[in-house]
Every structure is written in C-alpha cells, then in structure tokens.
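Participant: Just so it is clear: in the sequence shown, position 201 is 201 by the working numbering, and no numbers are missing. Don't be surprised by glycine CBs; every beta carbon is placed ideally from N, CA and C. These numbers come from a predicted model, not from an experiment.
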Amino acid sequence: MSLAHAAYDATWGRMFAAMYDRGLKATEEGGLGEMRLQLLAGATGRVVELGAGTGVNLDLYPDAITELVLVEPDPHMAKRLRERVAASPRPATIVEAPGERLPLPDDSFDVAVATLVLCTVPDPAAALAELRRVLVPGGRLLLIEHVRAEEAGLARWQDRLEKPWRFFGDGCHCNRDTAATLAAAGFETGGLERGRLPKAPPLVRPLLRGSSALH
Ligand SMILES: C[S@@+](CC[C@H](N)C(=O)[O-])C[C@H]1O[C@@H](n2cnc3c(N)ncnc32)[C@H](O)[C@@H]1O
1 MSLAHAAYDA TWGRMFAAMY DRGLKATEEG GLGEMRLQLL AGATGRVVEL
51 GAGTGVNLDL YPDAITELVL VEPDPHMAKR LRERVAASPR PATIVEAPGE
101 RLPLPDDSFD VAVATLVLCT VPDPAAALAE LRRVLVPGGR LLLIEHVRAE
151 EAGLARWQDR LEKPWRFFGD GCHCNRDTAA TLAAAGFETG GLERGRLPKA
201 PPLVRPLLRG SSALH
C-alpha cells in the first residue's frame with residue numbers, strides 16, 4: 001500500500017465508517033430499510049453476508065436462519081460490526097477477510113447476501129466465484145445493489161464521474177454492470193427486479209434486487 005493510500009484509508013476510511021449509518025438514514029427511511037426487510041425474509045438455513053459493513057442487516061434476519069457469518073475486511077467497519085453483534089440477540093460470526101478470498105469451506109451455506117457491496121469489492125467476479133464455491137448446489141444469492149444505468153445518458157455520467165465518486169464513496173464504483181457480472185459468474189438474473197435507490201444521488205439510483213439462484 002502506498003503512503004497516500006494508507007493516509008486515505010486511515011482518515012477517510014475511518015470517517016466513512018463513522019458516518020455510514022447517519023449518511024444512509026434518509027435512504028433507509030425512504031424505502032431501503034423496507035427493501036432490506038423484504039429481501040432478508042427469504043433467508044433460510046446457513047447464511048453468509050458479504051461486506052456486512054456496520055451490520056445494518058443484522059437484526060432484520062428472520063428466525064428461519066440457523067447460522068450467520070458476516071464477512072467484512074475493512075477494519076473501521078469491522079470495529080462497528082463487532083459492537084453491533086455484541087449488542088444484538090442475533091448470534092453471528094465475523095470473518096475479517098476479503099470476499100475474493102473467503103476462508104470458508106466449499107458447499108457450506110444455503111444463502112449468500114450482498115447489499116450495496118458488489119459496487120465496492122475490488123474484484124466482484126472473484127468475490128462471486130467465491131460465493132459460488134461456498135454455496136451449496138442450488139444455493140441462492142439475495143442482493144440489493146446499485147448498478148450501471150440502463151439509460152445511456154445516465155450511464156455516460158456514471159462513467160465520467162466514476163473516479164471522483166469512488167474517492168468520495170470509499171471505493172464504490174457507480175457504473176458497474178452487476179447483472180452481467182452475476183450472469184458470467186453463473187447466477188440467474190432473470191428474476192431480478194430493476195428499481196431505484198430511494199433518496200440517493202442520481203449516479204447511484206439505478207438498482208438491482210432480488211433472489212438469484214445458482215445455475
Ligand atoms: C457501501 S458498504 C455496504 C455495507 C452493508 N453491506 C450495507 O448494506 O449497508 C460496502 C462494504 O463493502 C465492504 N468491502 C469492501 N471491499 C470488500 C471486499 N473485498 N470483500 C468484502 N467486502 C468488501 C466495505 O468494507 C463496506 O463495508
């Protein structure tokens with residue numbers, strides 16, 4: 001890691017984690033919270049969540065889950081996640097590792113969850129390959145992701161502003177074609193719904209959500 005990257009990580013990374021829940025409050029209250037609840041109602045059995053952040057999803061899981069593993073590589077996020085898990089009645093194991101290299105056995109989860117994370121993971125194809133490996137055959141990925149716009153004009157703005165947005169958004173890429181990456185990784189995309197992230201800047205408004213089964 002370069003000195004500049006280390007300084008960025010130590011300052012903006014820590015501030016981003018500290019401001020995360022407050023920064024997302026209007027979006028959560030504007031509908032994202034309800035979308036999370038609807039999505040996670042479909043979780044059953046053993047669940048692995050990718051890039052769990054501060055743990056916003058933690059208390060939204062239904063009782064139908066039997067095990068919860070929260071993957072979070074960022075130390076500033078992981079600190080807040082540990083605090084949230086300690087204060088929650090929901091038992092969960094935190095794994096501080098990148099999604100691209102999951103220290104988890106093959107075929108060990110029924111459901112994977114990714115909310116607002118495939119935009120930020122440096123190598124989403126590698127992370128999806130890892131989710132595919134740890135999911136049982138017929139396993140499902142539940143996701144809510146902001147994605148590349150289908151509308152050409154907005155997609156052009158997403159391309160133009162990708163770099164400054166990434167700096168501001170702690171590594172978030174606003175222009176990723178996540179549906180294509182999912183399909184290439186062997187996940188069904190036909191049942192996913194397109195929509196809008198409520199009360200969010202236009203660059204990150206186009207949304208993809210739903211349940212995606214492994215081919
Ligand atoms: C925008 S936050 C989303 C947090 C949470 N999933 C949510 O729904 O609010 C993106 C998260 O992805 C995490 N992340 C970044 N790189 C990652 C990687 N390589 N593997 C897994 N998670 C990663 C970040 O640390 C951060 O917690």
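Restricting to Cα atoms, I'd like to know which of E150, P105, L58 is closest to E220.
Facilitator: The displayed coordinates of the chain run from 1 to 215. Any statement about residue 220 would go beyond what the structure contains.
Participant: For E49, which residues of its own chain have a beta-carbon under 6 Å away from its beta-carbon, when the five flanking residues on both sides are left out?
Facilitator: L70, V113
Participant: Answer yes or no: do A17 and M77 have a C-beta to C-beta separation smaller than 7 Å?
Facilitator: A distance below 7 Å separates the beta carbons of A17 and M77.
Participant: Whose C-alpha, out of E188, A185, I94, F167, is nearest the C-alpha of T11?
Facilitator: F167
Participant: What residue does the alpha helix (DSSP H) around V85 start on, and which one ends it?
Facilitator: Residues 75 to 87.
Participant: Go through its chain and collect everything with a Cβ distance to A179's Cβ below 8 Å, but skip five positions before and after it.
Facilitator: So the list reads V147, T189, L192, L208, once near-sequence residues are dropped.
Participant: Can you pull the DSSP bridge partners for S211?
Facilitator: L142
Participant: Report the residue from E145, P89, E150 whose alpha carbon sits nearest the alpha carbon of T115.
Facilitator: E145
Participant: Which same chain residues, not among the five before or five after P65, have their C-beta less than 6 Å away from its C-beta?
Facilitator: Note on identity: in this sequence residue 65 is Ile, with Pro being the wrong assignment. Closer than 6 Å at Cβ, skipping near neighbours: A43, V47.
Participant: Any heavy atom of ligand 2 inside 6 Å of the beta-carbon of D159?
Facilitator: Of the ligands one can find in the structure shown, namely ligand 1, none is ligand 2.
Participant: Return yes when the Cβ of L214 is within less than 7 Å of the Cβ of G99, no when it is not.
Facilitator: Between G99 and L214, the C-beta spacing is not below 7 Å.
Participant: Using a Cβ-Cβ cutoff of less than 6 Å, which residues in the same chain neighbour L128 once the five nearest sequence positions on both sides are dropped?
Facilitator: A185
Participant: Rounded to the nearest angstrom, what separates T62 and G31 at their Cα positions?
Facilitator: First, the amino acid is wrong: residue 62 is Pro here, not Thr. Answer to the nearest angstrom: the Cα atoms are 19 Å apart.
Participant: Taking the alpha-carbon positions, what's the L81 to G51 distance?
Facilitator: 10 Å
Participant: Where do the N-terminal and C-terminal ends of the alpha helix (DSSP H) with L192 fall, by residue?
Facilitator: It is not in any alpha helix (DSSP H) - L192 carries neither H nor E in the DSSP assignment.
Participant: Measuring only from the beta carbon, is M19 closer than 6 Å to any heavy atom that is part of ligand 1?
Facilitator: no
Participant: In the DSSP assignment, find the unbroken alpha helix (DSSP H) run with L128 in it and report its ends.
Facilitator: 124 to 134
Participant: Please indicate yes or no: does the CB of M15 lie closer than 6 Å to some heavy atom of ligand 1?
Facilitator: no
Participant: Could you compute how far the alpha carbon of E162 sits from the alpha carbon of G171?
Facilitator: Here the alpha carbons of G171 and E162 stand approximately 10 Å from one another.
Participant: E96: which of R90, R196, L104 sits nearest, CA to CA?
Facilitator: L104
Participant: Might you give, ordered along the chain, the residues of its own chain that have their beta carbon closer than 7 Å to the beta carbon of P89, omitting 5 neighbours on each side?
Facilitator: none
Participant: Please decide whether L142 counts as near chain D, where near means a Cβ-Cβ distance under 7 Å.
Facilitator: The structure shown contains no chain D, having only a single protein chain.
Participant: Return the CA-CA distance between L3 and A125, expressed in angstroms with no decimal places.
Facilitator: 28 Å
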